[in-house]
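Engineer: Using numbering that gives the first Met the number 0, the letters of the sequence shown map in sequence onto residues 0 to 43. Just so it is clear, CB atoms sit at the ideal spot from N, CA and C, and this is done for glycine as well. Since we're looking at a predicted model, the values are computed, not measured. Pasting a structure below so you can have a look.
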Amino acid sequence: MNSIELAQYQALEDMAIALINLNFSYQDIKTMVFRQKEKLSQGA
Numbered sequence: 000m001n002s003i004e005l006a007q008y009q010a011l012e013d014m015a016i017a018l019i020n021l022n023f024s025y026q027d028i029k030t031m032v033f034r035q036k037e038k039l040s041q042g043a
């Protein structure tokens with residue numbers, strides 16, 4: 000894992016933690032994480 004991948008992973012992890020704290024469901028979090036990963040892969 001390079002530094003860019005690590006930063007992306009940490010950003011997704013931070014987002015998931017924030018959504019958990021907001022009482023989002025697992026399905027909502029999964030949907031948002033995959034949506035974010037698609038945006039990251041399109042931008043790369």
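Just the C-alpha distance for Ser2 and Tyr8, rounded to the nearest angstrom, thanks.
Structural biologist: Taking the sequence shown and counting its residues from 1, the one referred to as residue 2 is at position 3. Taking the sequence shown and counting its residues from 1, the one referred to as residue 8 is at position 9. Approximately 10 Å, taken between the alpha carbons.
Engineer: Any idea what DSSP makes of Met0, helix, strand or coil?
Structural biologist: Counting from 1 along the sequence shown, the entry for residue 0 is found at position 1. Of the three classes helix, strand and coil, the one that applies to Met0 here is coil, per DSSP.
Engineer: If Met14 sits next to Met31, beta carbons under 8 Å apart, how far is it from one beta carbon to the other, in whole angstroms?
Structural biologist: Position 15 of the sequence shown, counting from 1, holds the residue named residue 14. Position 32 of the sequence shown, counting from 1, holds the residue named residue 31. Taking a contact as a CB-CB distance under 8 Å, the pair Met14 and Met31 counts as one, their CB atoms being some 7 Å apart.
Engineer: Nearest-angstrom Cα distance between Leu11 and Asn22?
Structural biologist: For the purposes of this step, residue 11 is identified with residue 12 of the sequence shown, where counting begins at 1. For the purposes of this step, residue 22 is identified with residue 23 of the sequence shown, where counting begins at 1. Between Leu11 and Asn22, the C-alpha separation is close to 17 Å.
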